[in-house]
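Asks:
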Amino acid sequence: MHDQPDQLEPETLLREISDLEGRIGELRQAASMPEPDLRATLDAALVELELALTALRTMGTEQGPEQGGSNAAENERRVLRTVFQDAPVPLFLLDRNNSVRRVNRQAAALLGTSSGYVSGKQFTAFCDLATRAAVRSQLAAVVRTGRRRRVQVRFLGRDHPIDAVVTLARVWIRGEPDPMVVVAAGPRNPPADEAGTPASKDGGRQDTGPKDAPAARARAPQAPASGPGPQGDDETVATIVHRMDVLATASELLLDEPVFNETVAVRRCARLLAAELADWAFIDLTGPNGGPGASAQGGAHATGKTPELRRQVVMGPADEHSVEAVGMLEQMEPAAGTLPHTVFLTRQSALRPHVENLDVLGVCPDGQPVCSKIGATSVLCVPVEDGDRCIGTISLAASGEYGPFDLMDLGVVQRLGRYLALVIRAARLYRRRAEVAETLQSGLLPKALPAIPGVSVAASYMTATRGAEVGGDFYDVFRIQDGGWGLVLGDVCGKGEDAAAVTSTARHCVRLAARWKDRPAEILALVNEALLDEDRFVTAVMAGLELDTERVTVSLGTAGHPPAIVVRADGVIRSASRGGVPLGLFDDFEAGLDTIDLGVGDTIVLHSDGVLEACDLQRQEFGQERLLETLATHATDPLETMLGAVEQALLEFCDGDLRDDVSMLALRVKPPSLA
Numbered sequence: 001m002h003d004q005p006d007q008l009e010p011e012t013l014l015r016e017i018s019d020l021e022g023r024i025g026e027l028r029q030a031a032s033m034p035e036p037d038l039r040a041t042l043d044a045a046l047v048e049l050e051l052a053l054t055a056l057r058t059m060g061t062e063q064g065p066e067q068g069g070s071n072a073a074e075n076e077r078r079v080l081r082t083v084f085q086d087a088p089v090p091l092f093l094l095d096r097n098n099s100v101r102r103v104n105r106q107a108a109a110l111l112g113t114s115s116g117y118v119s120g121k122q123f124t125a126f127c128d129l130a131t132r133a134a135v136r137s138q139l140a141a142v143v144r145t146g147r148r149r150r151v152q153v154r155f156l157g158r159d160h161p162i163d164a165v166v167t168l169a170r171v172w173i174r175g176e177p178d179p180m181v182v183v184a185a186g187p188r189n190p191p192a193d194e195a196g197t198p199a200s201k202d203g204g205r206q207d208t209g210p211k212d213a214p215a216a217r218a219r220a221p222q223a224p225a226s227g228p229g230p231q232g233d234d235e236t237v238a239t240i241v242h243r244m245d246v247l248a249t250a251s252e253l254l255l256d257e258p259v260f261n262e263t264v265a266v267r268r269c270a271r272l273l274a275a276e277l278a279d280w281a282f283i284d285l286t287g288p289n290g291g292p293g294a295s296a297q298g299g300a301h302a303t304g305k306t307p308e309l310r311r312q313v314v315m316g317p318a319d320e321h322s323v324e325a326v327g328m329l330e331q332m333e334p335a336a337g338t339l340p341h342t343v344f345l346t347r348q349s350a351l352r353p354h355v356e357n358l359d360v361l362g363v364c365p366d367g368q369p370v371c372s373k374i375g376a377t378s379v380l381c382v383p384v385e386d387g388d389r390c391i392g393t394i395s396l397a398a399s400g401e402y403g404p405f406d407l408m409d410l411g412v413v414q415r416l417g418r419y420l421a422l423v424i425r426a427a428r429l430y431r432r433r434a435e436v437a438e439t440l441q442s443g444l445l446p447k448a449l450p451a452i453p454g455v456s457v458a459a460s461y462m463t464a465t466r467g468a469e470v471g472g473d474f475y476d477v478f479r480i481q482d483g484g485w486g487l488v489l490g491d492v493c494g495k496g497e498d499a500a501a502v503t504s505t506a507r508h509c510v511r512l513a514a515r516w517k518d519r520p521a522e523i524l525a526l527v528n529e530a531l532l533d534e535d536r537f538v539t540a541v542m543a544g545l546e547l548d549t550e551r552v553t554v555s556l557g558t559a560g561h562p563p564a565i566v567v568r569a570d571g572v573i574r575s576a577s578r579g580g581v582p583l584g585l586f587d588d589f590e591a592g593l594d595t596i597d598l599g600v601g602d603t604i605v606l607h608s609d610g611v612l613e614a615c616d617l618q619r620q621e622f623g624q625e626r627l628l629e630t631l632a633t634h635a636t637d638p639l640e641t642m643l644g645a646v647e648q649a650l651l652e653f654c655d656g657d658l659r660d661d662v663s664m665l666a667l668r669v670k671p672p673s674l675a
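Numbering of the sequence shown is given in full-length UniProt numbering, commencing with residue 1 and proceeding in unit increments.
1) Pull up the distance between the alpha-carbon of LEU643 and that of VAL662, whole angstroms please.
2) Alpha carbons only, please: which of ILE374, GLU625 and ALA559 is nearest the one belonging to ASP594?
3) Identify the residues that DSSP records as bridge partners of HIS354: which are they?
4) Using the rule of at least 16 other Cβ atoms within 10 Å of the residue's Cβ for burial, across every protein chain shown, is PHE537 buried or exposed?
5) Apply the 10 Å Cβ neighbour rule to PRO638 and answer buried if 16 or more other Cβ atoms are within range, or exposed otherwise.
6) Using only the alpha-carbon positions, how far apart do PRO450 and VAL527 sit?
7) Whole-angstrom Cβ separation of ILE374 and TRP280, contact assumed at under 8 Å?
8) Among the residues of its own chain, which have a CB less than 7 Å from the CB of VAL360, if the five just before and after it don't count?
9) On the three-pair Cβ rule with 8 Å, is the region 166-184 touching the region 406-425?
10) Any idea what DSSP makes of LEU444, helix, strand or coil?
11) Given a cut-off of 7 Å, decide if GLN122 and GLU356 are closer than it, judged by their beta-carbon atoms.
12) Measure from the alpha carbon of ASP616 to the alpha carbon of each residue in ASP660, LEU606, LEU583 and ALA426, then state which is nearest.
13) According to DSSP, simplified to helix, strand and coil, what is ALA666?
14) For the putative contact between LEU524 and GLY557, defined by C-beta atoms under 8 Å, what is the C-beta separation to the nearest angstrom?
15) Once you ignore the five residues that flank ALA270 on each side, which residues in its own chain have a CB closer than 6 Å to its CB?
16) With DSSP as the reference, label THR553 as helix, strand or coil.
17) Return the CA-CA distance between SER114 and VAL153, expressed in angstroms with no decimal places.
18) Roughly how many angstroms separate the alpha carbons of ALA398 and ASN104, rounded to a whole number?
19) Hey, quick one: how far does the beta strand (DSSP E) through ALA185 stretch, first residue to last?
20) Relative to the C-alpha of GLY483, which candidate in GLY471, ARG519 and ALA666 has its C-alpha closest?
21) Buried or exposed: where does ASP657 fall if 16 or more other Cβ atoms within 10 Å of its Cβ makes it buried?
22) Three-state secondary structure (DSSP) at ASP609?
23) Below 7 Å CB to CB, which residues in the same chain sit around HIS341 once its five sequence neighbours on both sides are set aside?
24) Which runs of the beta strand (DSSP E) at least 3 residues long sit entirely within the UniProt domain "PAS" (76-146)? Give them in chain order.
25) With distances taken between CB atoms, is the gap from ARG578 to PRO563 smaller than 7 Å?
26) In three-state terms, what does DSSP make of CYS390?
27) According to DSSP, is THR286 helix, strand or coil?
28) Under the three-state reduction of DSSP, which class applies to PHE653: helix, strand or coil?
29) So, is VAL552 buried or exposed, given that buried needs 16 or more other C-beta atoms within 10 angstroms?
30) Smallest Cα separation from THR668: which of PRO582, GLU647 and ASP597?
31) List, from N- to C-terminal side, the beta strand (DSSP E) runs of 3 residues or more that fit wholly inside the region 499-576.
32) VAL566 and ILE604: beta carbons closer than 7 Å?
33) Can you tell which of VAL457, ASP406, PHE589 and PHE653 has the C-alpha that lies nearest to the C-alpha of ALA666?
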């Protein structure tokens, strides 16, 4: 039961309301003074609300039950709305479940949005993750005890987070079965200009945000919630220009390539979005080996199977905690019911400016919501559509440091989703052609390397990610005329079926010549004669092996090819002599010669020029120095591990975009006990 207030005569009540309006006007004036005491004003506004409620309740005590149950409640709400809207401080009216029932103009302006958008949402959705739990506890305590409480919060404003102190007070409103809570917000500290913070040259306040905030996001201000004006117009134009710049950059990165590559495109897209529009970017795809995509009508494609959406890449901040989180998140597949999975099935974009359900991106293996793990308070997700079907989703998450996502962000990412889908569709077409080329290519390489007494041998071959034609690289290990062994690695000029024919000719010519000759220079000279009538030339390096206990003598012949590399067991590394001219160009062929002695644990590596000429985004080549450094680092590792390390270093350097085939052939002398 509520304590019944003293009854007021109608004339007295009208006078009280008139006085109340006057005091509210004075509070508004006080709040707009050059140096206002905003906390005192905030407390006074709450007192006025309580007085208004007390006065309004007296109206119901003077009427009969029916009239008191309807007219009095309606009158109370009407006057309360007036007082609420005219209050000079931001006010939120919450129900006992913390849902926002009403906000005044000041509160909507504080968040940089409209009153209608805020109403119905959880109040804590507008607070950063670090303060949400504390705010919920304090709200529950206020409802339970009726005592006012003050809490420090960080609101997620449109442009940036806003530190504030909120006062929580319980109120009873006629017609409501449960108590409600009024939240009045005031600044945690005086405004920057009033506290002596120097203004910037353009008259605005200096940026006091985190120094390590993403520069790109800092350059992309959100459109202000305030009305039109020179500053607001400038910020809006800056926002639009930035979005256009993002689209132009995406077009250049994704579409301006002679040959499309899915892996490269996905990583570039995610990196761009994480740098320019968000803190975190997730790209999930389905494809030829990942199940059918969602059809234009939603749901699975014609097969009727449930689509399998697979996580492809996660991009986030570069700090240590985030890097660790990226590794974990990339292992998580989008679960049913999460936003990416729902968007994939429905092909409908989703925007969550203020995240209420922290499970929207899924739950980590330790039970922590992904949004909580990465500090995400704003999320959007769009389908990646190629016209016929949805082949995946792009999801962005932001911490609110530069404001929540808006419809302009959603539109930009939708366009990027279409760009990415076009690239992926083209890349998958190229991939199918490449599979045919790889099948043909595999016929040009040995199916297995023979076992050679006293040494171990390993090979590596990676096809170019650009184009789908057969490459010209080849390697082989074979017997030579004197009973020894030979190794060869070569590269035919050009690609395609014609290059494949020359590759086959060169490889089998080497094997055939080795039946009559035992020196690499002589074998290469015979191959040169066989290739003179061809329209393409071949570079090659051949090694002839003389095996002895704990020792191997290697005779090298080079025909315009990158020189072999010697990696000693102690990590010392050097290149063999280069020289010679390519095969098939001149009658008077002469190979470059060198002889190398290998001891136990020593390694010799033959490689194609594709290793050295792999380029990064700045068109810098991988080069000899990086290759030597990688080989020296893995000098004592097994041969397969050593060559795998070179492959990994290449892929990381060029971001998965190999412009040419890469082949390597390595030999190492075994200890006698393992020979």
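Glycine is no exception: its CB is placed at the ideal position from the N, C-alpha and C atoms.
Replies: Quick answer:
1) For the purposes of this step, residue 643 is taken as the residue at position 643 of the sequence shown. For the purposes of this step, residue 662 is taken as the residue at position 662 of the sequence shown. Going from the Cα of LEU643 to the Cα of VAL662 covers about 11 Å.
2) In the sequence shown, the residue the question calls residue 594 occupies position 594. Here the closest residue by C-alpha is ALA559.
3) For this step, residue 354 is matched to residue 354 along the sequence shown. According to DSSP, residue pairing for HIS354 in a beta bridge does not occur.
4) Translated into positions along the sequence shown, residue 537 becomes position 537. With 16 or more other Cβ atoms within 10 Å, it is buried.
5) Locating residue 638 in the sequence shown gives position 638, counting from the first residue. Under the 10 Å beta carbon count, PRO638 is surrounded by fewer than 16 other beta carbons and is classified as exposed.
6) On the sequence shown, position 450 is the one that residue 450 refers to. On the sequence shown, position 527 is the one that residue 527 refers to. If I take the Cα positions, the gap works out to 23 Å.
7) The residue labelled residue 374 in the question sits at position 374 within the sequence shown. The residue labelled residue 280 in the question sits at position 280 within the sequence shown. About 5 Å separates the two Cβ atoms, so the contact holds.
8) Residue numbering aside, residue 360 sits at position 360 when the sequence shown is read from its first letter. Apart from sequence neighbours up to five positions away, the residues of its chain that approach VAL360 with a beta-carbon distance below 7 Å are THR338, LEU339, ARG352, CYS371 and VAL379, ordered along the chain.
9) Segments in contact, no.
10) Working through the sequence shown from its first residue, we reach residue 444 at position 444. LEU444 falls in the coil class under three-state DSSP.
11) By 1-based counting over the sequence shown, the position of residue 356 is 356. By 1-based counting over the sequence shown, the position of residue 122 is 122. Yes, Cβ-Cβ distance for GLU356 and GLN122 is below 7 Å.
12) Against the sequence shown, residue 616 aligns to sequence position 616. Nearest C-alpha to ASP616: ASP660.
13) For the purposes of this step, residue 666 is taken as the residue at position 666 of the sequence shown. For ALA666, the three-state secondary structure derived from DSSP is strand.
14) Taking the first residue of the sequence shown as 1, we reach residue 524 at position 524. Taking the first residue of the sequence shown as 1, we reach residue 557 at position 557. With a Cβ gap of about 5 Å, LEU524 and GLY557 count as contacting.
15) As a working mapping, residue 270 is identified with position 270 in the sequence shown. Excluding sequence neighbours, ALA270 sits near ALA281, ILE283, VAL313 and MET315.
16) Position 553 of the sequence shown, counted from the start, is the residue given in the question as residue 553. Assigned with DSSP and collapsed to three states, THR553 falls in strand.
17) The residue given as residue 114 occupies position 114 in the sequence shown. The residue given as residue 153 occupies position 153 in the sequence shown. The alpha-carbon of SER114 is positioned some 20 Å away from that of VAL153.
18) Looking up residue 398 in the sequence shown gives position 398. Looking up residue 104 in the sequence shown gives position 104. For the pair ALA398 and ASN104, the Cα-to-Cα distance works out to about 27 Å.
19) Locating residue 185 in the sequence shown gives position 185, counting from the first residue. Counted as a single uninterrupted DSSP element, the beta strand (DSSP E) harbouring ALA185 occupies residues 180-187.
20) The residue labelled residue 483 in the question sits at position 483 within the sequence shown. Ranked by how close their Cα comes to the Cα of GLY483, the residues GLY471, ARG519 and ALA666 have ARG519 in first place.
21) As a first step, residue 657 is located in the sequence shown; it is residue number 657 there, counting from the start. The residue in question, ASP657, is buried, as its Cβ has 16 or more Cβ neighbours within 10 Å.
22) Here residue 609 corresponds to residue number 609 of the sequence shown, with the count starting at 1. In the structure shown, ASP609 falls within a helical segment according to DSSP collapsed to helix, strand and coil.
23) The residue you call residue 341 lines up with position 341 of the sequence shown. Close CB contacts of HIS341 within its chain, under the 7 Å cut and outside five residues either way in sequence, are with LEU309, PRO334 and ALA335 (chain order).
24) With a minimum length of 3 residues, the continuous beta strand (DSSP E) runs that stay inside the UniProt domain "PAS" (76-146) are 91-94 and 100-103.
25) Along the sequence shown, read from residue 1 onward, the residue named residue 578 stands at position 578. Along the sequence shown, read from residue 1 onward, the residue named residue 563 stands at position 563. In contact: ARG578 and PRO563 (Cβ atoms closer than 7 Å).
26) Taking the sequence shown and counting its residues from 1, one reaches residue 390 at position 390. Reduced to three states, the DSSP call for CYS390 is strand.
27) Mapped onto the sequence shown, residue 286 falls at position 286. It is coil, neither helix nor strand.
28) Locating residue 653 in the sequence shown gives position 653, counting from the first residue. Looking at PHE653 - three-state DSSP - the assignment turns out to be helix.
29) By one-based count along the sequence shown, residue 552 stands at place 552. It is buried - the Cβ of VAL552 has at least 16 other Cβ atoms within 10 Å.
30) For the purposes of this step, residue 668 is identified with residue 668 of the sequence shown, where counting begins at 1. First, the residue type needs correcting, since residue 668 is Arg and not Thr in the sequence shown. Considering only alpha carbons, the answer is ASP597.
31) Listed in chain order, the complete beta strand (DSSP E) runs (minimum 3 residues) inside the region 499-576 are 538-548, 551-559, 565-567 and 573-575.
32) Translated into positions along the sequence shown, residue 566 becomes position 566. Translated into positions along the sequence shown, residue 604 becomes position 604. Their beta carbons are under 7 Å apart, which means VAL566 touches ILE604 by this criterion.
33) For this step, residue 666 is matched to residue 666 along the sequence shown. Cα-wise, what sits closest to ALA666 is VAL457.
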